[in-house]
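Participant: Chains as they are written, first to last, in the working numbering: chain A, 2 to 134; chain B, 2 to 134.
Beta carbons are placed, not taken as given, at the ideal position from N, Cα and C, and that holds for glycine.
Below is one structure. I have some questions about it.
2 protein chains.
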Amino acid sequence: MSTTHEDTEEQNLAYNVFARACVSRGTLEHVTGRWGGLTLGALHEGSMRFNELRRRVDGVSEKMLSQTLHALERDGLVHREAQPTNPPRVDYELTPLGREVAERLMTLIQFVEGRMDDVLAARERYDARRGAR
Amino acid sequence: MSTTHEDTEEQNLAYNVFARACVSRGTLEHVTGRWGGLTLGALHEGSMRFNELRRRVDGVSEKMLSQTLHALERDGLVHREAQPTNPPRVDYELTPLGREVAERLMTLIQFVEGRMDDVLAARERYDARRGAR
DNA sequence: CCGTATCCTTGCAGATACTG
DNA sequence: CAGTATCTGCAAGGATACGG
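Okay, structure coming up:
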């Protein structure tokens, strides 16, 4: 290993996580996307059925919920348990991995949520400056 | 404060953070969005100029970078330092609040990044099942 | 060098209707 | 109940050109 450009590569790592070619990019988008986060949040409270989830997630359509659930299931964050009864009953729940991801996501969300007064204040300052100019 | 429906409200809090009407929703989208996370990541390494940032953030257009930077600045996560020299020089850096947000975002990203082998394995299992049916 | 303004394309998401 | 299929709009995003 060469040592001359080592720190350059380390620096690259931090933002390349988001680079287009990065493998984790897709999963991250499922998690942080419009409905992914919401779904993980709801499921973080416990196992839930499709329509139950649909009612809890404000504004999601059947299509989007279905799509989101499939993506999260494919990534191994959500487990789908279908009982072949009639009428059908399907339960969704977080996998252990999904729970860990959801927890870290919640940490971020709750931090931002807790600092919204700062954000709102910053916005007012920004808008005031903009308006003045 | 009433105590009868307290836990219901606590539960609501967890997913309502993502609800449409929620104030923090906008900021969260700036942070977790396509270019917001990337920009925060790059800036987490230190102060940077516009074109420097543009070169580092893989695939971003001038328009999107500009837009992203404005959104983050307005939310008080990024500070813009313009020197009225010629040619102009503008530096962007994280505010203390921005640094805290970036750190929590990084925690999430790096966790997912570190578990991508699990995710990839889950995907193969999922696709194999799908293909079989 | 640091952006904004404009046009134009594409892909995501909503609505609706239908199936097992 | 638990979804899939299709159509359509609209807005995010890319390319390009120009301004301070």
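Where are the alpha helix (DSSP H) runs, 4 residues long or more, that stay fully inside the segment 27-73 of chain A, in chain order?
Facilitator: 37-44, 51-57
Participant: Would you call the CB atoms of residue 94(B) and residue 48(B) closer than 7 angstroms?
Facilitator: A contact, by the Cβ cut-off of 7 angstroms.
Participant: Taking the alpha helix (DSSP H) that residue 98(B) belongs to, which residues open and close that run?
Facilitator: Per DSSP, residue 98(B) belongs to the alpha helix (DSSP H) from 97-115.
Participant: Give the DSSP-derived three-state secondary structure of residue 76(B) in the structure shown.
Facilitator: coil
Participant: Would you mind stating whether residue 43(A) and residue 54(A) have Cβ atoms separated by less than 7 angstroms?
Facilitator: yes
Participant: Which of the three DSSP states, helix, strand or coil, is assigned to residue 120(A)?
Facilitator: helix
Participant: From the beta carbon of residue 92(B), is the nearest beta carbon of chain A less than 7 angstroms away?
Facilitator: no
Participant: Compute the Euclidean distance between the alpha carbons of residue 31(A) and residue 87(B), then round it to the nearest angstrom.
Facilitator: When only Cα atoms are considered, residue 31(A) and residue 87(B) end up about 44 angstroms apart.
Participant: So that I know if they touch, is there some Cβ in chain B lying closer than 7 angstroms to that of residue 98(A)?
Facilitator: yes
Participant: Bridge partners of residue 81(B), per DSSP?
Facilitator: 93(B)
Participant: For residue 33(A) and chain B, any beta-carbon pair shorter than 7 angstroms?
Facilitator: yes
Participant: Can you grab the Cα-Cα spacing for the pair residue 118(B) / residue 100(B), in whole Å?
Facilitator: 29 angstroms
Participant: What residues of chain B sit near residue 74(A), judged by a beta carbon separation below 8 angstroms?
Facilitator: 127
Participant: Please go through the same chain and pick out, in chain order, the residues whose beta-carbon is closer than 8 angstroms to the beta-carbon of residue 89(A), but skip the five residues on each side of it.
Facilitator: 83
Participant: Note down, in chain order, every chain A residue with its Cβ under 7 angstroms from the Cβ of residue 106(B).
Facilitator: Within chain A, the residues near residue 106(B) are 109.
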